[in-house]
Amino acid sequence: MSESKTIPRVILSEAAIDTIDTLRKRFGTDLMFHQSGGCCDGSSPMCFEKGDFKVGGSDIWIGKVYGCDFFMNKDQFEYWKHTQLTLDVTPGRGSSFSIEIPMGIRFIIRSRVFTMEELENLEPTMTGEEMVEKNLL
Numbered sequence: 025m026s027e028s029k030t031i032p033r034v035i036l037s038e039a040a041i042d043t044i045d046t047l048r049k050r051f052g053t054d055l056m057f058h059q060s061g062g063c064c065d066g067s068s069p070m071c072f073e074k075g076d077f078k079v080g081g082s083d084i085w086i087g088k089v090y091g092c093d094f095f096m097n098k099d100q101f102e103y104w105k106h107t108q109l110t111l112d113v114t115p116g117r118g119s120s121f122s123i124e125i126p127m128g129i130r131f132i133i134r135s136r137v138f139t140m141e142e143l144e145n146l147e148p149t150m151t152g153e154e155m156v157e158k159n160l161l
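Position one of the sequence shown corresponds to residue 25 (the numbering used here), numbered consecutively onward.
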């Protein structure tokens, strides 16, 4: 019997990789993402310099994507937990605090529903508070 592979909750498009590379040249290598589930562009993923957005018990760490921690508000996560998220980029300025906005683009999420087999092999999650307590941020 073959060993099951852990399935990432978040993956990237090539455009997102290129954008993160550009942002790293400007802001440094330590970036993070947060998706709040708020109104307007608040439900879009936002990129910050690591530490510029404080996470806590109401945030869920859902994995690392291209070396960046990705967090989601726990209420939003309840809606998205059965889907694999693809971090992508689209033209147009959003109205958020995300650091790519001045580039005339914004991060977006595309998703697909996990298969039953994938659901059994997902990367584990933890709260932002647990990440802080374990000194992982």
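Virtual Cβ for every residue (Gly too), placed ideally from N, Cα, C.
Assign Ser-101 to one of three DSSP states: helix, strand, or coil.
The identity of residue 101 in the sequence shown is Phe, whereas the question assumes Ser. Correct three-state label for Phe-101: helix.
Within a Cβ cutoff of 6 Å, which residues of the same chain sit near His-58, ignoring the five residues on either side of it in sequence?
Met-70, Phe-77 and Phe-95
Mind checking whether Ile-123 and Leu-47 have CB atoms under 8 Å apart?
yes
Take the Cβ of Thr-43 as the centre, count every other Cβ of all protein chains shown within 10 Å, and call the residue buried at 16 or more, exposed below.
buried
Straight-line CA distance for Arg-50 to Ala-40?
15 Å
7 Å Cβ shell around Thr-149 - same chain, five flanking residues per side excluded:
Ile-84, Trp-85 and Ile-86
Contact check, Ser-67 vs Arg-130 under 8 Å by CB: the rounded distance?
So it is not a contact: roughly 12 Å between Cβ atoms.
Bridge partners of Ile-31, per DSSP?
Leu-146
DSSP three-state assignment for Val-156, whether helix, strand or coil
helix
For my contact list, Gly-80 and Glu-153 are in at a C-beta cut-off of 8 Å; report their separation, rounded to the angstrom.
5 Å
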